[in-house]
Amino acid sequence: MARIGMWIAVGLLAVAMPACRTHRRARPPVTMVSMQPPADTPHAQASVPVGGSVTFEAEHVVSCESDVPDLFRAYATTQSLTLLGRKAGRGTLHLRIQAGDEFYLDVDVTSDEPARRALAVGEQLPLPLDDVKDTSVTGDAVTTAKSSDGTQLFVTAVKPGIAIVVLEANDGTPRPVDILVISGTRLL
Numbered sequence: 067m068a069r070i071g072m073w074i075a076v077g078l079l080a081v082a083m084p085a086c087r088t089h090r091r092a093r094p095p096v097t098m099v100s101m102q103p104p105a106d107t108p109h110a111q112a113s114v115p116v117g118g119s120v121t122f123e124a125e126h127v128v129s130c131e132s133d134v135p136d137l138f139r140a141y142a143t144t145q146s147l148t149l150l151g152r153k154a155g156r157g158t159l160h161l162r163i164q165a166g167d168e169f170y171l172d173v174d175v176t177s178d179e180p181a182r183r184a185l186a187v188g189e190q191l192p193l194p195l196d197d198v199k200d201t202s203v204t205g206d207a208v209t210t211a212k213s214s215d216g217t218q219l220f221v222t223a224v225k226p227g228i229a230i231v232v233l234e235a236n237d238g239t240p241r242p243v244d245i246l247v248i249s250g251t252r253l254l
């Protein structure tokens, strides 16, 4: 009987042993891969001096918004977009064209002296007349008028084009001021 008890005990152990064994190795956890968010719409870059301009080929711009609207003015024609720098700083333009596409333009308005002053039709540029004995104008894009006290020359843009205002100093040295006059629908 002892032998039978021993065989029963061995049998129970044989049945119980697989249950006591450790489970098969668990699968390793799934490795998470980090993904970068989708890239933002790329921004074009532009730089324009205060008092200067920059023109882009842009067909049928229908709207223009800026995060800093007093840095520049924007004028559009059916073929182009022109920015006139007004105040030094940085800003971003959000442009929409007639086809529905949207573009971003990062603009840096610098305090550098522009090679050519830019005015929109109807705008005025005052030029100081300190140490100036005579003035002359080449081109018909602007008209000029002296202030009542004779200390300033007001240059008014009348039509698109280029004009050169020459300020002749008392010592005879000419100081030319190139002026670009633009037109178009003001967007900003």
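For the sequence shown, this note's numbering begins at 67 and goes up steadily by one. Where a beta carbon is used, it is the ideal one built from N, C-alpha and C, also for glycine.
Is R183 near V243, with beta carbons less than 8 Å apart?
yes
6 Å CB neighbourhood of L233 in its chain, flanking five on each side removed
V198, T201, R241
Can you tell me where the beta strand (DSSP E) holding H160 begins and where it ends?
155 to 163
By a C-beta neighbour count over all protein chains shown, 10 Å radius and 16 as the cutoff for buried, is G151 buried or exposed?
buried
Tell me, which residues are paired with H109 by DSSP?
Y170
Identify whether T251 lies in helix, strand or coil by the three-state DSSP scheme.
strand
Can you tell me whether DSSP reads A218 as helix, strand or coil?
First, the residue type needs correcting, since residue 218 is Gln and not Ala in the sequence shown. It is a strand residue.
Proximal residues to S249 (C-beta, below 8 Å), its chain only, five neighbours per side dropped
Y141, T143, A186, V187, K225, P226
Spell out whether any CB of chain D is found under 8 Å from the CB atom of D206.
Any reference to chain D falls outside this structure, which holds one protein chain only.
Give me the Cβ distance between R139 and L254, rounded to the nearest whole Å; I'm assuming they're in contact under 8 Å.
With 8 Å as the limit, R139 and L254 qualify as a contact, their Cβ atoms being about 6 Å apart.
Using the C-alpha atoms, what's the distance from E179 back to I230?
16 Å
Work out the CA separation of D167 and D218 for me, nearest whole Å.
Asp is not the amino acid found at residue 218; the sequence shown has Gln there. Straight-line Cα distance between these residues: approximately 45 Å.
With 16 as the cutoff for other CB atoms within 10 Å, does S213 come out buried or exposed?
exposed
When V127, A112, S100, A110 are compared against Q164, the one with the closest alpha-carbon
V127
Cutting at 8 Å between CB atoms, please list the residues of its own chain near P10, excluding the five before and the five after it.
Nothing about residue 10 can be read from this structure; the chain reaches only from 67 to 254.
Using the beta-carbon count (16 or more within 10 Å), is S177 buried or exposed?
exposed
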